[in-house]
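Numbering (the numbering used here), first residue to last: 409 to 825. Virtual Cβ for every residue (Gly too), placed ideally from N, Cα, C. One structure is given here, and the rest of the page talks about it.
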């Protein structure tokens, strides 16, 4: 807390009730600020809850140096934030809410009950106890002529004056949960550099045949490997009406998206039997099948059936299917042509946003003193697996600290935390 009560507590407005905004609120409340948090939705943390619907993956327990590589070209910008609030510190913070964590077989870190709701409830309770005021159904509309924040509510539009502002408005994915990118024009007209919002961790369109689309939409492709460029990963994905999506695809999505933007298409290479050598596959394919059909042969000798077997028929003609050498090579290296990324509104997360060059070391906008930014609205991306949430928490932590430092340096707050 501040070392003197001679100054009134500064008022900080936080806009956005996701992990980044809530973390900034916690840091600021502990630091002695009066915190008002605004969100357009009827309740807080909606995307956080949705992300945890299938299991709340908080962070990742792999070695930190490897962890940092997951942020690609934005590592230099994200690394300082993560060093100040690393995965181990995030786990300690979760434990401080009275919630245990465990490390899964893939080194992903989960709450003990794998649910997001108990964590969010405990966190919101602690924030209320610390004096944070929540204002839901408040959609931010920018600033008025005097610099006050404008908010639209179901009843009326009103203005709010604050000593500092933290923007944590999310990206443009899952707009139904509040991250709709509506902040972009509000900041663009203030000359804030913003990289275009693009889909990240997204699915891709494939021109399936009518037969394949009719019979295999929703079918999972399990125990396959996917390679693009020099990167190869093993896992699973799922066939959709438009194409393909899932964790294995998301792991490659940034590179695939960029290639499609450059050339108009991208070819993902699938290994349908990643635990088999090409030589073994070719021996089994070439084994005499007698009177059995090719389908029966593939199933009995290689275990290929259903969606995997028919995926081969999407690539090879009937005649090519009977060429054992070509068939074996296609099983091990099936070229899947991707023609476009799915829309941003369907993506798990967002690439693009406010450039880091627009921010100073405190996460404050250089063109708007007193306005700080955090979370997915910044120009970075990462794969699923706890990396997205880790950086959102860390950026909120950094923004909260940055606000406190700025308030002290500008004479609006005294003392140190």
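query = Counting only runs that start and end within the segment 700-772, where is the alpha helix (DSSP H) found for 4 or more residues in a row?
reply = 702-710, 714-723, 726-729, 732-740
query = In terms of residues, what are the limits of the beta strand (DSSP E) holding residue 541?
reply = 541-543
ask   = Under 9 angstroms, do residue 715 and residue 571 count as touching if we go by C-beta distance?
value = no
task = Go ahead and label residue 564 buried or exposed: buried means 16 or more other beta carbons lie within 10 angstroms of its beta carbon, across all protein chains shown.
result = exposed
query = Are the segment 471-491 and the segment 522-533 touching, with three or more C-beta to C-beta distances below 8 angstroms?
reply = no
Every unbroken beta strand (DSSP E) within the segment 460-532, with a cutoff of 3 residues, ordered by chain = 509-511, 516-519
inquiry  = Here's the rule: buried if 16 or more other CB atoms are within 10 angstroms of the residue's CB, otherwise exposed. What is residue 588?
reply    = buried
task = Measure the beta-carbon distance from residue 481 to residue 605 and round it to whole angstroms, keeping in mind my assumption that it falls under 8 angstroms.
result = In fact, because the Cβ distance is near 17 angstroms, the residues do not count as touching under 8 angstroms.
ask   = Quick one: is residue 409 buried, meaning 16 or more other Cβ sit within 10 Å of its Cβ, or exposed?
value = In this predicted model, residue 409 has a pLDDT of only 42, less than 50, meaning its place in the structure is not dependable; the value taken from the coordinates is given anyway. With fewer than 16 Cβ atoms within 10 Å of its Cβ, residue 409 is classed as exposed.
task = Can you say whether residue 619 is buried or exposed, counting buried as having 16 or more other CB atoms within 10 angstroms of its CB?
result = exposed
Sheet register partners of residue 653 (DSSP bridge) = 646
inquiry  = At the level of alpha carbons, what is the spacing between residue 458 and residue 525?
reply    = 10 angstroms
ask   = Cβ atoms of residue 445 and residue 779: under 9 angstroms apart, would you say?
value = no
request  = Could you pull the start and end residues of the alpha helix (DSSP H) that residue 800 belongs to?
outcome  = 795-817
message = With distance defined between alpha-carbon atoms, name the residue in 430, 468, 448, 453 nearest to residue 793.
response = 468
query = Helix or strand or just coil, what does DSSP make of residue 622?
reply = helix
request  = Leaving aside the five residues before and after residue 623 along the sequence, list all residues of the same chain whose C-beta is less than 8 angstroms from its C-beta, in chain order.
outcome  = 718
query = Which stretch, first to last residue, makes up the beta strand (DSSP E) that contains residue 438?
reply = Element bounds for residue 438: not the beta strand (DSSP E) but the alpha helix (DSSP H), 427-438.
query = Taking buried to mean at least 16 other C-beta atoms within 10 Å of its own C-beta, is residue 546 buried or exposed?
reply = buried
Strand pairing of residue 442, partner residues [DSSP] = 419
inquiry  = Does residue 573 come out as helix, strand or coil in the three-state DSSP assignment?
reply    = strand
request  = Reducing DSSP to helix, strand and coil, say where residue 452 ends up.
outcome  = coil
key: C-alpha distance - residue 629 paired with residue 743, whole-angstrom precision   = 15 angstroms
inquiry  = With distance defined between alpha-carbon atoms, name the residue in 687, 722, 782, 729 nearest to residue 428.
reply    = 782
ask   = Three or more C-beta pairs closer than 8 angstroms, one from the segment 663-670 and one from the segment 680-688: is that the case here?
value = no
query = Between residue 658 and residue 416, what straight-line distance do the alpha-carbon atoms span, to the nearest angstrom?
reply = 48 angstroms
request  = Could you say which of 581, 569, 475 lies nearest to residue 756 if we only look at CA atoms?
outcome  = 581
key: Between the CA atoms of residue 678 and residue 741 - distance to the nearest angstrom   = 5 angstroms
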